[in-house]
DNA sequence: ATACTTAGTGTACTTTGTACAATATTAAAG
DNA sequence: CTTTAATATTGTACAAAGTACACTAAGTAT
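Protein chains in written order, with the working numbering: chain A, 1 to 229; chain B, 1001 to 1229.
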């Protein structure tokens, strides 16, 4: 049976675009490659899919091996299939993305030696990346810009407890536009997925803001309201 | 150089979900397979990607070879990468979709003998399909339901000149819910992408409705307004 | 002329979006 | 203790969009 499928020198890979948010900056997870081609260059975490693993499984394995991050929920967003993406042959890559809160993150440490190191880099001044990874990144950014307006993915980027100003700052960063404070609060609170806590921000040298958290229970009850800005 | 990439017995394929609309029914393009596995079964048009063609190119070639349809704009929407999708080995498939007007369509005629025939089948009572094609179809349907509300893709399904009632019927079919006639008209006309023609419907045994067409020029000027229902 | 079928239309109400600026609270500095 | 500086918090009026709802108009067939 198996013999009926033709064999090609074709390979699948996975590339991961992982967004994080820290100190007022939107960041993306990069690695420094330790293999040819593009040895020593910066790239998105990515590697080849094994023959006996699903692509979702492979995405998790590869992210772990290259960065040490585990149990991250990633979503597939586009498949890049140009013939000459990879200088050594035909490689089709399925790109995944995720967003996560940085401070909940353990240390970054590649588990294989395909990568020299893994680190967060600000999205704002991203250097040129290996292969077509700059394009892949651009497509991911475009995707989350749209997604953030109808699904509460932004909460994944914040610490568990956050202030409304932090949340607004994050939206402004991702959407790359200024939002009105009063309207933003009205809309967010109305959306009904925030839980107000009896706690305040600490360690700031000005009026402390109330803390909120994302209420996953409430979110479950909505199906898919949209946020529009 | 080429030798550095490992070789796997892994294969890419493309599957196409092509929607059409005819006689008040939403349809999808199927083939009857002429090859093992699933010989004689119904399936989405799909085949293997060649090593030296991009996946977008392959999608068009494959659709043509299996159905005779040419120059259809298809969009990639999901990549299916479970290990056992294909009984003969590892096949990862990139799924594409498109929607088109049926009456502008030439005859369906497979150009290779991988398919015995190609034909339109109503979406309403779709039979079981080969491989995981039923799942692929379901995902495509979900996708266009969402897309139709923010991009005027529905027009691709209608003849060039159409009445508002036909347009409404199509929306109701895809969204699978009843819409208010007055509100639907208000919203559509307001959206500013229809051109009213000096012509009426012909051959109906009741009051003839005005004909409209989709005004691509006007659409270009909007960037991305959303239609919500 | 009548009956039948679909086309075509308007209004009141509700909800949502948007523009806009003053007061309140806290910590730090003096 | 007073002042300053920084950010938090709040409301209102207006505009735009969504929604519910039912009758008349026009053309065809008999």
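Even for Gly, the Cβ is constructed at its ideal location relative to N, Cα and C.
Item, Value
"Beta strand (DSSP E) containing residue 1031 of chain B: first to last residue?", "1025-1033"
"Along the chain, where does the alpha helix (DSSP H) that runs through residue 1209 of chain B open and close?", "Here residue 1209 of chain B belongs to no alpha helix (DSSP H), and DSSP marks it neither H nor E."
"Under 6 Å Cβ to Cβ from residue 87 of chain A, same chain only, skipping five residues before and after it: list those, please.", "37"
"Give a yes or no on whether the C-beta atoms belonging to residue 69 of chain A and residue 16 of chain A are separated by under 7 Å.", "no"
"State the start and end residues of the unbroken beta strand (DSSP E) segment that holds residue 1085 of chain B.", "Per DSSP, residue 1085 of chain B belongs to no beta strand (DSSP E) and is neither H nor E."
"Using alpha carbons as the reference points, say which of B:1041, B:1081 and B:1141 lies closest to residue 1129 of chain B.", "B:1041"
"Nearest by alpha-carbon distance to residue 1077 of chain B: which of B:1149, B:1023, B:1109 and B:1018 is it?", "B:1018"
"Note down, in chain order, all residues in the stretch 1080-1099 of chain B with a beta-carbon under 8 Å from any beta-carbon belonging to chain A.", "1081, 1082, 1083, 1086, 1087, 1088, 1089, 1090, 1091, 1092 and 1094"
"On the criterion of 16 or more Cβ atoms from any shown chain inside 10 Å, does residue 1162 of chain B qualify as buried, or is it exposed?", "buried"
"Would you call the stretch 1024-1034 of chain B and the stretch 1114-1130 of chain B in contact, with 3 or more CB pairs under 8 Å?", "yes"
"When the cut-off is 7 Å and only beta carbons count, does residue 1002 of chain B lie next to chain A?", "Unreliable placement is indicated for residue 1002 of chain B, whose pLDDT of 41 sits below 50; no coordinate value is reported for it."
"Roughly how many angstroms separate the alpha carbons of residue 182 of chain A and residue 155 of chain A, rounded to a whole number?", "19 Å"
"CA-CA distance, residue 56 of chain A and residue 1176 of chain B?", "31 Å"
"Can you give me the C-alpha to C-alpha distance between residue 1198 of chain B and residue 1178 of chain B, rounded to a whole angstrom?", "29 Å"
"Check whether the Cβ atoms of residue 93 of chain A and residue 13 of chain A lie closer than 7 Å to each other.", "yes"
"Suppose contacts are defined by Cβ-Cβ distances below 7 Å. Is residue 194 of chain A in contact with residue 99 of chain A by that definition?", "no"
"Could you spell out where the alpha helix (DSSP H) holding residue 1119 of chain B opens and where it closes?", "Here residue 1119 of chain B belongs to no alpha helix (DSSP H); instead the beta strand (DSSP E) covers 1115-1122."
"DSSP state of residue 47 of chain A, grouped into three classes?", "strand"
"Based on the DSSP output, what are the partners of residue 13 of chain A in its beta bridges?", "A:48 and A:93"
"Beta carbon of residue 1208 of chain B: closer than 6 Å to some heavy atom of the ligand GTP?", "The model depicted lacks the ligand GTP and carries no ligand whatsoever."
"Quick one: Cα of residue 192 of chain A to Cα of residue 1191 of chain B, how far?", "30 Å"
"Please state whether the Cβ-Cβ distance between residue 1097 of chain B and residue 1140 of chain B is less than 7 Å.", "yes"
"Kindly indicate which residue of A:173, A:217 and A:167 has the alpha-carbon position closest to the one of residue 184 of chain A.", "A:167"
"Cβ of residue 12 of chain A less than 7 Å from any chain B Cβ?", "yes"
"Decide if residue 217 of chain A is buried, meaning its Cβ has at least 16 other Cβ atoms within 10 Å, or exposed.", "exposed"
"For a contact meaning CB atoms closer than 8 Å, what does residue 174 of chain A contact in chain B?", "Simply none; closest approach about 17 Å."
"Quick one: list the residues of chain A neighbouring residue 1076 of chain B, beta-carbon separation under 8 Å, in chain order.", "78 and 79"
"Between the stretch 1201-1216 of chain B and chain A, which residues of the former have CB atoms less than 9 Å from a CB of the latter, in chain order?", "none"
"If you measure between the beta carbons of residue 51 of chain A and residue 1061 of chain B, is that distance less than 7 Å?", "no"
"Is residue 1021 of chain B helix, strand or coil when you go by DSSP?", "strand"
"Please classify residue 3 of chain A: does DSSP put it in a helix, a strand, or coil?", "Reliability of the predicted coordinates at residue 3 of chain A is poor, the pLDDT of 45 falling under 50, and no value is obtained from them."
"Measure the Cβ-Cβ separation of residue 1170 of chain B and residue 1073 of chain B and say whether it is below 7 Å.", "no"
"Among A:125, A:146, A:196 and A:123, which residue has its Cα nearest to the Cα of residue 213 of chain A?", "A:196"
"Taking the C-alpha atoms as reference points, what is the distance between residue 1119 of chain B and residue 187 of chain A?", "48 Å"
"Which chain B residues sit within Cβ distance under 8 Å of residue 53 of chain A?", "1083"
"What three-state label does DSSP hand residue 1153 of chain B in the structure shown?", "helix"
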